[in-house]
Amino acid sequence: MIRLHVESPLRAGVRVEPTSDQARYLTGVMRQKLGDSVLLFNGRDGEWRASLVEIGKRGCVLTAEVQTRAQTSVPDLELVAALVKRGPLETIVEKAVELGCARVRLITTRRTNADHVRLERLRAIMVEAAEQTGRLDVPEIIAPEKLERLLDGWDASRRLMFCDEGEGFDALQDGASAPASAPVLPALDALRDAPRGPWAVLIGPEGGFDPSERERLRGLAFCTPVSLGPRILRADTAAISALTLWQAALGDWRA
Ligand code: SAH
Numbered sequence: 006m007i008r009l010h011v012e013s014p015l016r017a018g019v020r021v022e023p024t025s026d027q028a029r030y031l032t033g034v035m036r037q038k039l040g041d042s043v044l045l046f047n048g049r050d051g052e053w054r055a056s057l058v059e060i061g062k063r064g065c066v067l068t069a070e071v072q073t074r075a076q077t078s079v080p081d082l083e084l085v086a087a088l089v090k091r092g093p094l095e096t097i098v099e100k101a102v103e104l105g106c107a108r109v110r111l112i113t114t115r116r117t118n119a120d121h122v123r124l125e126r127l128r129a130i131m132v133e134a135a136e137q138t139g140r141l142d143v144p145e146i147i148a149p150e151k152l153e154r155l156l157d158g159w160d161a162s163r164r165l166m167f168c169d170e171g172e173g174f175d176a177l178q179d180g181a182s183a184p185a186s187a188p189v190l191p192a193l194d195a196l197r198d199a200p201r202g203p204w205a206v207l208i209g210p211e212g213g214f215d216p217s218e219r220e221r222l223r224g225l226a227f228c229t230p231v232s233l234g235p236r237i238l239r240a241d242t243a244a245i246s247a248l249t250l251w252q253a254a255l256g257d258w259r260a
């Protein structure tokens with residue numbers, strides 16, 4: 006059945022007017038007729054079966070009938086992702102929704118190249134991903150902020166899983182034999198005995214974090230540096246891998 010995210014409150018008998026895009030999708034693309042049922046959610050009132058009661062030129066109207074699922078929530082996991090090129094960034098936010106993030110924060114870092122971001126477009130991608138994946142909420146997306154400022158205001162009760170590729174490519178290219186800083190633990194080892202509760206996953210830009218950023222991060226009491234293996238991953242792959250490992254170790258992929 007088609008699932009739509011709506012803003013309006015949901016309870017028995019309430020009339021809901023989907024956006025014009027949703028109406029076009031319902032009656033145009035999916036050819037829904039009067040009396041057909043769809044599922045609605047708004048992030049607060051659970052999931053409701055609704056039926057199509059009016060179809061007009063400029064939109065349509067649904068009436069919520071019965072609640073099909075009570076509201077659920079995801080673990081308190083944030084993704085903190087540096088801005089990257091548009092394609093990978095769109096992948097990152099879509100996968101963050103599928104992988105059960107509660108919130109996505111965008112950041113700029115010293116090596117961030119991308120400078121503008123279409124938040125509305127990212128938000129639309131997240132709504133679609135939530136509709137498709139069966140979630141009953143759409144994670145919040147927070148406009149880019151400087152990494153430094155984010156860390157200045159960080160709530161220390163939230164742990165930060167810092168995905169640190171180490172010396173990375175630079176070291177490989179220089180032919181350096183020993184890394185300049187201590188190796189980081191593989192993610193699963195680092196998370197094995199880690200506390201549950203609120204967490205965030207931090208992923209850097211294409212160029213990685215610069216040495217001063219890495220040094221600051223490694224010195225923070227709430228920060229757990231982790232490695233995602235011996236290969237350098239692109240930011241989108243790194244985000245997907247890190248969120249997967251966190252969900253498996255501490256999140257709702259556990260029994
Ligand atoms: N600076 C790197 C590329 C950065 S990859 C280079 O040498 O070219 C983008 C981001 O993905 C990194 O900042 C890091 O957060 C994450 N990442 C990629 N591979 C990783 C790995 N093997 N372990 C941990 N994090 C990784």
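Heads up, the sequence shown is in the numbering used here, so the first residue is 6 and it goes up one at a time.
By construction, the Cβ of each residue, glycine as well, lies at the ideal position given by its N, Cα and C atoms.
Please read these numbers as outputs of a predicted model, since none were measured by experiment.
Cutoff 6 angstroms; reference residue i; Cβ partners in own chain excluding five residues on either side
i	result
R20	V66 and T68
E27	Reading off the sequence, residue 27 comes out as Gln, not Glu. Cβ neighbours of Q27 beyond the five flanking positions: L9.
F174	At F174 the pLDDT is 49, less than 50, meaning the model places this residue with poor confidence and gives no usable figure here.
G212	R116
V58	V66 and T68
V71	R54
L127	V98 and I146
Buried versus exposed call for residue i [16 or more other C-beta atoms within 10 Å across all chains shown]
i	result
L82	buried
D169	buried
T114	buried
N118	exposed
P144	buried
P23	buried
R63	exposed
Q137	exposed
P149	buried
G171	buried
Assigned secondary structure, residue i (DSSP; H/G/I helix, E/B strand, else coil)
i	result
F174	Residue placement at F174 is flagged as unreliable, the pLDDT there being 49, under the threshold of 50; a coordinate-derived value is accordingly withheld.
W251	helix
Q294	Residue 294 lies beyond the range of the chain shown here (6 to 260); nothing can be said about it.
I130	helix
E262	Since the first residue shown for the chain is 6 and the last is 260, residue 262 is missing from the structure and cannot be characterised.
A17	coil
G111	The sequence as given places Leu at residue 111; Gly does not occur at that position. Strand, per DSSP.
G191	It should be noted that the sequence gives Pro, not Gly, for residue 191. DSSP places P191 in strand when its eight states are reduced to three.
Proximal residues to residue i (C-beta, below 8 angstroms), its chain only, five neighbours per side dropped
i	result
A199	R164, T229, A254 and L255
M35	I7
L104	I245, L248, T249 and Q252
L155	V85, R110 and I112
Cut-off 7 angstroms between Cβ atoms - residues of its own chain near residue i, not counting five sequence neighbours on either side
i	result
T32	I60 and C65
R219	D169
K90	A119
Integer Cβ distance of residue i from residue j, believed to fall under 8 angstroms
i	j	result
I208	A243	5 angstroms
V102	A135	5 angstroms
H210	L88	One detail in the question is off: residue 210 reads as Pro in this sequence, not His. Confirmed, about 7 angstroms.
Start-end ranges of the beta strand (DSSP E) lying completely within the segment 51-96, minimum 3 residues = 52-60, 65-74 and 82-87
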